[in-house]
Amino acid sequence: MTQDTNYRFIHLLYVPTIACNMQCKYCYLEDNTKDEWQEKNPLETLQYAVEKFQKGKVIPFNISLHGGEVTTLKKEEFEDLIAYIANYYEKNRMVIESNGFQVGHPHIKTNLYDLKRHLDTIKKYEVSISGSLDLPLKIHDTYRVTKGNEKTLKKILENIELLRELPNKKKVSATIFKEHFDLKQIAEDIRFLEKETPLDMNDFNFMIGFDYNSNGLLHPITEEEQVELYEYMKKEFTGTSLEEGLKNAWFAEFGPGYCTNCDNCGEKFFLLEKNGDIYSCVRGQKNKDFFYGNIYKNTVEEILEEAKRKIEKQSLLHPLKEECTTCKYLYLCKTGCPFVKNVYHTSKSYTCKLQQALYKDWGYLPDENNEESIYQYVKKMHPEEIENYYPTRNQEYKGLRELIEEDKRLKYIYDKESFYLEIDGETYPMESQILKRVRKVIYLTRESKMILHAKKQILKEESPYPNNNSLYIMLLSGDMIKYGEEARTKQAHIMTHQIYKEALDKMTTTEEDFYQVDLTNLLKNYYPYLSKENPNNLLVTTSDLRSYHYEKQKKNAYYHIDAINLPFQNIEFILLGGEENVKGQSRNLK
358 MTQDTNYRFI HLLYVPTIAC NMQCKYCYLE DNTKDEWQEK NPLETLQYAV EKFQKGKVIP
418 FNISLHGGEV TTLKKEEFED LIAYIANYYE KNRMVIESNG FQVGHPHIKT NLYDLKRHLD
478 TIKKYEVSIS GSLDLPLKIH DTYRVTKGNE KTLKKILENI ELLRELPNKK KVSATIFKEH
538 FDLKQIAEDI RFLEKETPLD MNDFNFMIGF DYNSNGLLHP ITEEEQVELY EYMKKEFTGT
598 SLEEGLKNAW FAEFGPGYCT NCDNCGEKFF LLEKNGDIYS CVRGQKNKDF FYGNIYKNTV
658 EEILEEAKRK IEKQSLLHPL KEECTTCKYL YLCKTGCPFV KNVYHTSKSY TCKLQQALYK
718 DWGYLPDENN EESIYQYVKK MHPEEIENYY PTRNQEYKGL RELIEEDKRL KYIYDKESFY
778 LEIDGETYPM ESQILKRVRK VIYLTRESKM ILHAKKQILK EESPYPNNNS LYIMLLSGDM
838 IKYGEEARTK QAHIMTHQIY KEALDKMTTT EEDFYQVDLT NLLKNYYPYL SKENPNNLLV
898 TTSDLRSYHY EKQKKNAYYH IDAINLPFQN IEFILLGGEE NVKGQSRNLK
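So in the numbering used here the end of the sequence shown lands on 947, straight run, no missing numbers.
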């Protein structure tokens, strides 16, 4: 199966229980770690959500179990979930892998305290395990205790030892606050865990704590201390058997491939709780600003739109910092995690200096097109500031026509030979509205007959699957309204209509090279919503050419500036009352 651009692929964390067998003193969920939904089967929610997502053309490429603590589940509940995920991966392996994602084994995030009771299932399905420890180990029992305030490290290490004969991937992570900042002891404990336990310490993860729900017990390390942590680990482990981990997994959270380093994480990452509530992730769990809806109550489209909107809203709360706009690593960083920025009331990543050090050591080059990268980021996440970040046109850039000449794929978006409109027997060419030298407005009566002539070849241009391509017809009112967060004034969009090749091929035509589509009755349905005073706008392209136009806008800032309005072939018209009879009369506007 080839890459399918009709589907959206998401990373789904599932919380089958909010209950936990521990009461870590800095737990971000605080007192929420009790299961208030015991009557609901956890598998039921996951199955329902996945099926609903798939019907909405959304495919989870990864399903991981999180908590609460997943090992508090009953044995049969845990195995049912793991079996379902394993079967899901096999059933959907082809579509997931053909779209560039790896399919692994079922995965759980766990505190490791109750692991023993689920070992049979873990072994049977080769469940990969990501556990949590506090480093240095000597302070683990200070913060990570049971609800009865009992120590946990001894039992956790015993449970880890039980994994020795299992082929599963098994790893741990540690979150670093000032209270953990004994670098020499951390390094010694990493060596101990590598030598004395079955954990793969090349697959270990450092996480940097931030000031959220720590009850005043823990304090974040500074940016300088973050770099000091990294430099110390470099000194200790370069040239050793753990150098691979140092250069990869240990600090992977701060690399460009992680969830924090994307324009809008609301487009890909979701956390689902057993009651159907959907949040951004474990950081945003139980936070109203990062709540996207409920899978039982909201449509998939509503959830996706709310996710995108809420992350955009977080960006709009804090102006982009000047130091970010002059940093040539913005194309990798994207200013970091929106939740932590919400906590610190800033628009800058809280691990900025650490990320810069990592990028340099990992061989990422400073962005030579930094001005354009900043523009593209601002356009998406800070549109209210866009006018401050238009790239400076260099001497080699001449304009839109030159861009079209350089990119032949743009040709048919602007081709004036592909469409024309026949109105009451008279023909009118359709040209790109932003390339026209003269703006012409047609007067129509309510009885006018309108036929669109579309070159048959146009459905094959820039279309990998012409049979899935369509004529894409848009009708805009001449009246203006404000759209979106940026409150930009635009023509009111009245109608979008698509006609696929299968239907076009069956329509009657008197021309060998053109389809003929009678738009008369279609447009009459929308006459009541058109402007009575201002020119209305009929635009036409194909769905594949439209997609390429927006793809080009994302990649090229100059193209976006010059083609910021709908560039497609169009006709502007004023609709007269039913008593007039001025067939096809027109006038030119400057």
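Every residue, glycine too, gets a C-beta built ideally from N, C-alpha and C.
All values reported here derive from a predicted model rather than from experimental measurement.
Distance CB(residue 606)-CB(residue 644) smaller than 8 Å: no
With distance defined between alpha-carbon atoms, name the residue in 407, 740, 637 nearest to residue 674. 740
Tell me the start and end of each unbroken beta strand (DSSP E) in the region 807-849 that is at least 3 residues and wholly inside, in chain order. 807-812, 827-840
Throw me the rounded Cβ distance for the residue 778 and residue 785 pair, which I believe falls under 8 Å. 5 Å
Quick one, are the C-beta atoms of residue 857 and residue 815 less than 8 Å apart? no
How many angstroms separate the CA atom of residue 653 from the CA atom of residue 742? 37 Å
Span separating the alpha-carbon of residue 981 from that of residue 731: Only positions 358 to 947 of the chain appear in this structure, which leaves residue 981 out of reach.
Report yes or no: do three or more beta-carbon pairs, one from the region 502-513 and one from the region 446-465, lie closer than 8 Å? Not touching, per the Cβ criterion.
Integer Cβ distance of residue 470 from residue 378, believed to fall under 8 Å: 6 Å
Host alpha helix (DSSP H) of residue 415 (start-end): Note, residue 415: premise wrong, no alpha helix (DSSP H); beta strand (DSSP E) at 415-422.
Residues bridged to residue 926 (per DSSP): 789, 897
Which of helix, strand or coil does DSSP assign to residue 553? Three-state result, residue 553: helix.
Nearest neighbour of residue 734, chosen from 762, 667, 608, 912 [CA to CA]: 912
Whole beta strand (DSSP E) elements within the region 496-535, 3-residue minimum: 527-533
Classification of residue 699 by the beta-carbon crowding that lies within 10 angstroms, buried from 16 upward: buried
With a threshold of 7 Å on Cβ separation, who are the neighbours of residue 843 within its own chain once the five nearest residues in sequence on each side are excluded? In this prediction, residue 843 scores a pLDDT of 43, lower than 50, which makes its location untrustworthy; the coordinate-derived value is nonetheless stated afterwards. If we look at residue 843 and ignore the five residues flanking it on each side, its Cβ neighbours are 740, 741.
Taking 6 Å as the limit between beta carbons, can you name the residues of its chain near residue 906, skipping five residues before and five after? Only 770 meet the Cβ criterion.
Measure the alpha-carbon distance for residue 586 versus residue 679 and round it to whole angstroms. 27 Å
Assign residue 795 to buried or exposed, taking buried as 16 or more other Cβ atoms, counted over all protein chains shown, within 10 Å of its Cβ. It is exposed - the Cβ of residue 795 has fewer than 16 other Cβ atoms within 10 Å.
Straight-line CA distance for residue 627 to residue 823? For residue 627 and residue 823, the distance between alpha carbons rounds to 34 Å.
Continuous beta strand (DSSP E) stretch holding residue 648: start and end: 648-651
Can you find at least 3 beta carbon pairs, one from the region 702-713 and one from the region 661-669, that sit closer than 8 Å? no
Evaluate residue 835 with the Cβ neighbour count: other Cβ atoms within 10 Å of its Cβ, from every protein chain shown; 16 or more gives buried, anything less gives exposed. buried
Taking the alpha carbon of residue 624 as the point to measure from, which residue in 695, 877, 852, 482 has its own alpha carbon closest? 695
What is the rounded straight-line gap between the Cα of residue 723 and the Cα of residue 631? In this structure, the CA atom of residue 723 is about 44 Å from the CA atom of residue 631.
C-alpha distance - residue 759 paired with residue 692, whole-angstrom precision: 34 Å
Tell me the residue span of the beta strand (DSSP E) that contains residue 630. 626-630
Of all the options 647, 637, 552, 517, which has the alpha carbon lying nearest to the alpha carbon of residue 597? 552
Check residue 783 in the structure and name its three-state DSSP category. DSSP places residue 783 in the strand class (E or B) of the three-state scheme.
Residue 683, enclosing alpha helix (DSSP H) - first and last residue: 679-683
Three-state class that DSSP yields for residue 561 in the structure shown: coil
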